[in-house]
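Chains as they are written, first to last, in the working numbering: chain W, 1 to 182; chain A, 183 to 996.
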């Protein structure tokens, strides 16, 4: 008497595995891609938050920029200093890009002289390679009202490298605030 | 059976396939869902970056616009909606759109767009540079600051135009197709930089220690300061110079060439000049105040006062009083070959007479009386004259209305003239003053009457023996000595005397109508009522027991001279109505709703910290080193809340500025406690003879101390301290400080005068203004403080409050 077979044949299993493979393969690809995208958006949001943190503080300091520059001038004896001298200072930039273990209030500085004003900075994620403030004078020559004082474009740049994305080139976020000195 | 089994096997295989497919499907659903979520999140993160960039650009634009408005808002708002400064809130409605009537928003927007067009790092190939779509400013929820018209409000002072509301500034920016709008709303106020009712007055003194309180200066007969005179109530100090009060910026050199004043001129004159309030005397504040007006010709002390215009046309009015007193003096018929008259003339200071430097010895005091070479300038008055010169000086006359129970004391001089009826030779002279012992010695030596006179035009011949002429001896002679007329001191408010206002006859000062001191005063004539002079309570002036004394306990200050003086019927024409002697800083309208900024120094640990915080908030420091100074760079009414426990002592006093202060923006600074040190000059740009920007310093409970180097402290400000327990202007307790002060604004203090007995001064350890400033000073009224002046309109400013505003970012729509 021929014994009845209720199990799956090798062929059937192979077909099932093949089907599952067909389905899961691309899905895993999509999953991996989503994961990378997720990381990218997390870093982009983080970068925006870093930039907001700095922008908010700079805007809050805006009414006192004159005093800050005045302090810098009296501290160094250099009356030619301006806002760019402070925000573009290499020492200050270096502090901004330090990967600190915790949030820290870092002083504005100029030529190694620390000013009494500080910026509260969140610890920089290890993926981030750049947190930089660059102040550039705005051209007021064609202006009518906004021309007497000195106006600055303050660019806040955040750059990061997402190693999981497979891309070596850094990505970045740039935010800009416009400030008046004087 | 076998087919059935085969069918079951197939079903199982199909089930397995279904499970596999279902698993695959579920995996696909989950993974695609995850992917979809991640993609959305990715897009959101990117949009977040774009929206935050747009947000900060909108905020930047908003701040630039706010800043531009802030630095020129007064001009901007005044140009856009002048009605805000001269109409009530009800008249202008509840909101105003500034941007529609002023190009500033569009211009700033265009400038801001220029900036945006230079942001290459934000340039998007598809959408280009960020775009600023609009900037606009609106004033909303506009309401009156003091709608109340109760008696308490009118006592505090009330400007019906002052208002509050909300300023809403908007800036809309588009970046990569995303529009964001930043909106800032802040509370604003339209307030006057005039600190209150006291600022109608050049000098406001709430109380006078005793009737003779201000009379401390020794003056010689020629008007020069008598440096030998030591005033007992002033710790026997000698006063070197008076406190001159100039009630206006314009000054008129009185001479015979200028035209007569008209009634209209008088009205303008009265309206434009600062008034003076001298509070009643005595501890119960129920006694009169005496101002003894000196005679003299010295420019330092005030010059020559004459009660009328010394012109020939006015001769009948100016004719001196003729004395016919046979009881005391022998008639000329008693002496052969003589014909003579006795006369008298009031004299004080005010009007400088062109071409007559000799004053009383000059023309017109007695017809034909020429200046005598034997005039003795060192002759003294018998009592000290006023240190407080309320009417300017000889070269800068400055009449005003004086409030309070102020009576005048002034010099009366006596003359004689005669001739020899045989020879026709004439002689003229002015009676001298002398002691009874000296008189007795002359009588004993049988001197003629020429020995008792100060000047003679010619010898009296034949001689007239003094003993025969003065019928009652020294008693008779003393009636001819120059003297200061003094009202009778009284325990109650005056019922006799001569009101200072009457003497100066500020309301009617024409050549042909000088006041007749012994007749009904023109100042209170009924005919003046119909002329609607801007003098409140003229009825009361007329009915006062001493005509011409202005009441102070029920008085009004009005905006316009239009006859609408009833505060109940026309409250919006009434700036103040009430009792001047009850005013304090706390009860004034400064403390109703007008304070725009509060600076809390309570957390400061020391005076130095307070000083630093105060100056950083109020001023901008200009320069460094010896030339450094502070500038006021904010407009507003600032209440400085000082540390708990601060007293009015000098040790706790806060400097208003540790550097010379320049007034660039109008301010009223109020200390809630403690005294204030003014160590450096406070100066402002002078326009039309007065500081252009109004600056006021008020103390709730403290004294002003003038400190620092230099002889004179220059203060372009109105100083106010009216607390009953303080309110003095003093030098520091340590040696040093300026000897004098020059105020261009006004001065309102609780008291400045001397106590008859210094020990009865409850604050005798402090001293008083008069005790400290024996070198006098100047108070020059700034007519811009005058609520009744057209210039008052410019005192109203637009101030953004320091209370937290509302800031929002939202989508700007399509």
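Just so you know, even glycine gets a beta-carbon here, dropped at the ideal spot from N, CA and C. Every value quoted in this text rests on a predicted model; they were computed, and no experiment measured them.
Does any CB atom of chain W fall closer than 8 angstroms to the CB of residue i?
| i | result |
| --- | --- |
| residue 328/A | no |
| residue 451/A | no |
| residue 333/A | no |
| residue 289/A | yes |
| residue 703/A | For residue 703/A, the predicted model reports a pLDDT of 48, less than 50, meaning its position is unreliable; a value from the coordinates is still stated below. Answer no: the Cβ-Cβ gap between residue 703/A and chain W never drops below 8 angstroms. |
| residue 812/A | no |
| residue 806/A | yes |
| residue 685/A | no |
| residue 186/A | Only weak support exists for where residue 186/A lies, its pLDDT of 46 falling under 50; the coordinates are left without a value. |
| residue 123/A | Residue 123/A is absent from the model: chain A starts at 183 and stops at 996. |
| residue 246/A | yes |
| residue 998/A | Here chain A comprises residues numbered 183 to 996, so residue 998/A is not present and cannot be evaluated. |
| residue 303/A | yes |
Out of the options, which one is the CA nearest neighbour of residue i?
| i | options | result |
| --- | --- | --- |
| residue 174/A | 393/A, 568/A, 795/A, 260/A | There is simply no residue 174/A to check, as chain A begins at 183 and stops at 996 in what is shown. |
| residue 52/W | 173/W, 32/W, 181/W | 173/W |
| residue 883/A | 861/A, 869/A, 236/A, 829/A | 829/A |
| residue 983/A | 589/A, 467/A, 816/A, 341/A | 816/A |
| residue 370/A | 384/A, 383/A, 267/A | 267/A |
| residue 472/A | 965/A, 575/A, 683/A, 323/A | 683/A |
| residue 776/A | 624/A, 918/A, 589/A, 978/A | 978/A |
| residue 590/A | 921/A, 377/A, 891/A, 460/A | 460/A |
| residue 118/W | 23/W, 128/W, 57/W, 138/W | 57/W |
With residue i as the anchor, note down where its alpha helix (DSSP H) starts and where it stops.
| i | result |
| --- | --- |
| residue 91/W | 90-97 |
| residue 287/A | 286-298 |
| residue 724/A | 720-725 |
| residue 952/A | 951-954 |
| residue 648/A | 648-651 |
| residue 659/A | 656-660 |
| residue 66/W | 65-76 |
| residue 86/W | 83-87 |
Using 10 angstroms around the beta-carbon of residue i, count the other beta-carbons present and answer buried if the total reaches 16, otherwise exposed.
| i | result |
| --- | --- |
| residue 814/A | buried |
| residue 573/A | buried |
| residue 155/W | buried |
| residue 204/A | exposed |
| residue 582/A | buried |
| residue 211/A | exposed |
| residue 414/A | exposed |
| residue 343/A | buried |
| residue 68/W | buried |
| residue 603/A | exposed |
| residue 796/A | buried |
| residue 417/A | exposed |
What are the boundary residues of the beta strand (DSSP E) that residue i is part of?
| i | result |
| --- | --- |
| residue 29/W | Unbroken run through residue 29/W is the alpha helix (DSSP H), 10-61; no beta strand (DSSP E). |
| residue 175/W | 171-181 |
| residue 930/A | 922-931 |
| residue 381/A | No beta strand (DSSP E) contains residue 381/A, which DSSP labels as neither H nor E. |
| residue 109/W | 104-110 |
Would you please verify whether the beta carbon of residue i is less than 8 angstroms from any beta carbon of chain A?
| i | result |
| --- | --- |
| residue 16/W | yes |
| residue 155/W | yes |
| residue 76/W | no |
| residue 139/W | yes |
| residue 60/W | no |
May I ask whether a heavy atom of the ligand NAP can be found less than 7 angstroms away from the beta carbon of residue i?
| i | result |
| --- | --- |
| residue 121/W | Ligands in the displayed structure: none, and consequently the ligand NAP is not present. |
Practice task
Could you say if the stretch 38-50 of chain W and the stretch 216-227 of chain A meet the contact criterion of at least three C-beta pairs nearer than 8 angstroms?
Solution key: By the Cβ test, the stretch 38-50 of chain W is in contact with the stretch 216-227 of chain A, since at least three Cβ pairs between them sit closer than 8 angstroms.
Handout entry: Any 3 or more C-beta pairs closer than 8 angstroms across the stretch 864-883 of chain A and the stretch 895-903 of chain A
Key = The stretch 864-883 of chain A is in contact with the stretch 895-903 of chain A.
Practice task
Flag this pair as touching only if the stretch 882-889 of chain A and the stretch 903-912 of chain A have three or more C-beta atom pairs under 8 angstroms; answer yes or no.
Solution key: Pairwise C-beta distances place the stretch 882-889 of chain A in contact with the stretch 903-912 of chain A, as three or more of them are shorter than 8 angstroms.
Practice task
Say whether the stretch 801-808 of chain A touches the stretch 820-838 of chain A, bearing in mind that this needs 3 or more beta-carbon pairs closer than 8 angstroms, one atom from each stretch.
Solution key: No, the stretch 801-808 of chain A is not in contact with the stretch 820-838 of chain A.
Handout entry: Cβ pair count under 8 angstroms reaching 3, the stretch 749-761 of chain A against the stretch 793-806 of chain A
Key = Counting C-beta pairs closer than 8 angstroms gives fewer than three between the stretch 749-761 of chain A and the stretch 793-806 of chain A, which falls short of the contact rule.
Exercise for the section: Examine the Cβ distances between the stretch 767-784 of chain A and the stretch 732-744 of chain A and report whether three or more of them are shorter than 8 angstroms. Expected result: Verdict: no, contact absent.
Handout entry: At least three beta-carbon pairs within less than 8 angstroms, the stretch 817-828 of chain A to the stretch 773-785 of chain A
Key = Touching, yes.
Practice task
Evaluate contact between the stretch 288-298 of chain A and the stretch 723-732 of chain A, counting only Cβ atoms and requiring at least three cross-stretch pairs below 8 angstroms.
Solution key: The count of Cβ pairs closer than 8 angstroms, one atom from the stretch 288-298 of chain A and one from the stretch 723-732 of chain A, stays below three, leaving the stretches out of contact.
Handout entry: Cβ contact check for the stretch 963-976 of chain A and the stretch 930-940 of chain A: 3 or more pairs under 8 angstroms
Key = Flag = no, the stretch 963-976 of chain A and the stretch 930-940 of chain A do not touch.
Practice task
Report yes or no: do three or more beta-carbon pairs, one from the stretch 356-374 of chain A and one from the stretch 307-325 of chain A, lie closer than 8 angstroms?
Solution key: Output reads yes: the stretch 307-325 of chain A touches the stretch 356-374 of chain A.
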